[in-house]
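Each residue of the sequence shown is one higher than the one before, starting from 75 at the first, in the working numbering.
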Amino acid sequence: MNFPKYSMGIGDRFAHQGKAQLAAFVKAKQLGVEVAPVWNKSNREHLIVHSEPPSVRAEADAAVKALGWKGPYFVDADHIGIKTVDPFIPGSDFFTIDVADFIAKPAAEADVKAFAAAQGKNTGSLRIPGIEGAIDVSADRIEAIARKYLFAVQEAGRIYRHIEAKKGKGSFVPEVSMDETDQPQTPVELFFILAMLAQEKVPLRTIAPKFTGRFNKGVDYVGDLRQFEKEFNEDLAVIAFAVKEFGLPADLKLSVHSGSDKFSIYAIIRNAIRKHGAGLHIKTAGTTWLEELIGLASAGGEGLEIAKDVYRQALGRYDELVAPYAAVIDVDRAKLPSPEEAAGWSGEQYATALRHDQKNRNYNPSFRQLLHVGYKVAAQMGERYTGALEAYEDTIAKNVTENIFDRHLKPVFIG
Ligand SMILES: [Zn+2]
């Protein structure tokens, strides 16, 4: 299946912004840069907003039809495991097989030994084109990497084969993700993880490791930019080498699960993929729902009332809303406006506090992160919220398209 060199995963919690999102990809294409949109929604999101996986397929198809999009596009079963994958199988053609929870679980000792033995030729000093110097890899190191990752890769193989049995070989994009864990994978670990995936015969198209630094939801990257740049470039070198070494699909790409809006690393990513001639899949703009709030606030009237009400309720349910995302947000409670203060805001004040424009002095990352995890409140408003999305569609769509094009597609792929 034709899976383009560049693709971008986008999220849409309430399934109303498919057209506005796709319009940003149309703009990129008009500038000569083809990026395939990949609509993704995880099981957790479906549970919180009470939607079902087929709704994402319906939304994507409708947007593509409405805008006459002729390029490839995909629907991603985001972060599925063996227990959650089945409802996603009919409508998805991209599967993010998440095995992070299986890292460091023990594989059979015989399998660990067999893997290390099979990697005999990569023992000693390993040279990877694009990485300076030789990497010293002892047999013990390979065994240690296998002890940490082999069981997780075997699980990825089990899930892959389960999907393949139902959908048929070559009819979907398999991604393996290990990003939702504490420790980043080093480029050397990535190399041997790819060897394990090849051994499991997973025809991998994208791999999502955990990178160094903090990837909090909806806000910028926090970490050492130089270290990230080095690691990212080395990961690209590792992938290009592993493709040849292990016979993986030639178009295998790195997948960045950005948690949205990692603006400070976008130029590093863009320069690196150009330098290496590499493809890229990047998941971002899961913050589309925040653009809905910005659009509602900017529209004023009932739209602004709803946006304020979402904040007031989110603040009141702080612990409940923050708990599932505690590892990936850093909200400073002292910086959150009181409900009374926010109630007095104009639409412009609300929008500028929320919009991810670091140059604007009103921008409040704590306000933004709390609202980002507060979509449950909007989901529970039901028709009041979705009705407003329809009533204020124009203002919202403008914000959604601009956000994806100006703040994501352009800096990552166009420059
Ligand atoms: Zn992820």
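Even for Gly, the Cβ is constructed at its ideal location relative to N, Cα and C.
This structure is a prediction, so every number in the text was calculated from the model and none was measured.
Residue state for R288 is assigned as strand, using DSSP reduced to three classes.
The C-alpha of N114 is placed about 27 Å away from the C-alpha of Q387.
Remark: fewer than three beta-carbon pairs, one from each stretch, lie closer than 8 Å, so the stretch 95-107 and the stretch 116-124 are not flagged as touching. Put simply, the backbone Cα of A400 is about 21 Å away from that of Y437. Judged by DSSP secondary structure, S338 falls within the alpha helix (DSSP H) whose first and last residues are 337-350. Per DSSP, reduced to three states, the secondary structure at A151 is strand. Ranked by Cα distance from Q257, the first of A134, E249, L395, Y223 is Y223. Shown here, A316 sits in a helix according to DSSP, grouped into three states. The shortest C-alpha to C-alpha distance from T255 to any of S245, D309, A226 is the one to A226.
Here Y466 carries a coil assignment [DSSP, helix/strand/coil]. Beta-bridge analysis with DSSP links W113 to I84, V149.
As a beta-bridge residue in DSSP terms, A282 pairs with S251. Nearest in C-alpha terms to K93, of all of Y147, G489, P78, H350, is Y147. Remark: three or more beta-carbon pairs, one from each stretch, lie closer than 8 Å, so the stretch 283-300 and the stretch 425-445 are flagged as touching. A direct Cα-Cα distance of roughly 18 Å separates R201 from D214. If you look at S372, you'll find it in the alpha helix (DSSP H) that goes 362-373.
If you ignore the 5 residues before and after P413, its C-beta comes within less than 7 Å of the C-beta of R386, L389, all in its own chain and listed in chain order. Excluding its 5 nearest sequence neighbours in each direction, I219 has C-beta neighbours in its own chain below 7 Å: E263, F266, listed in chain order. Less than 8 Å separates the beta-carbon of P283 from that of D309.
The beta carbon of D253 sits closer than 7 Å to at least one heavy atom of ligand 1. A distance criterion of 7 Å places the beta-carbon of A230 beyond contact range of ligand 1, judged by its closest non-hydrogen atom.
Per DSSP, S440 lies in no beta strand (DSSP E); the unbroken alpha helix (DSSP H) holding it starts and ends at 439-446. Remark: the shortest separation between the CB of H331 and any heavy atom of ligand 1 falls under 7 Å. Nearest neighbour of K144 by Cα position, chosen from H153, A151, A134, turns out to be A134. Taken in chain order, the complete alpha helix (DSSP H) segments of 4 or more residues contained in the stretch 175-255 are 183-192, 213-241. DSSP, reduced to helix, strand and coil, places V296 within a strand of the structure shown. As a beta-bridge residue in DSSP terms, K357 pairs with G83, H331. Apart from sequence neighbours up to five positions away, the residues of its chain that approach Y459 with a beta-carbon distance below 6 Å are A452, ordered along the chain.
For D325, no alpha helix (DSSP H) run applies, since DSSP gives it neither H nor E.
Within the same chain, A371, G421 come within 6 Å of L378 by CB-CB distance, once the 5 residues on both sides are set aside. Here I339 is actually not in contact with L326; their C-beta atoms are around 21 Å apart, not less than 8 Å.
The residues S440, in chain order, have a CB closer than 6 Å to that of D406 in the same chain once the five nearest residues on each side in sequence are set aside. A Cβ-Cβ separation of about 5 Å places L463 in contact with H90 under the 8 Å criterion. Taking a cut-off of 8 Å on C-beta distances, the stretch 232-251 touches the stretch 158-173, as three or more cross pairs fall below it. Where F169 is concerned, the enclosing beta strand (DSSP E) starts and stops at 168-172.
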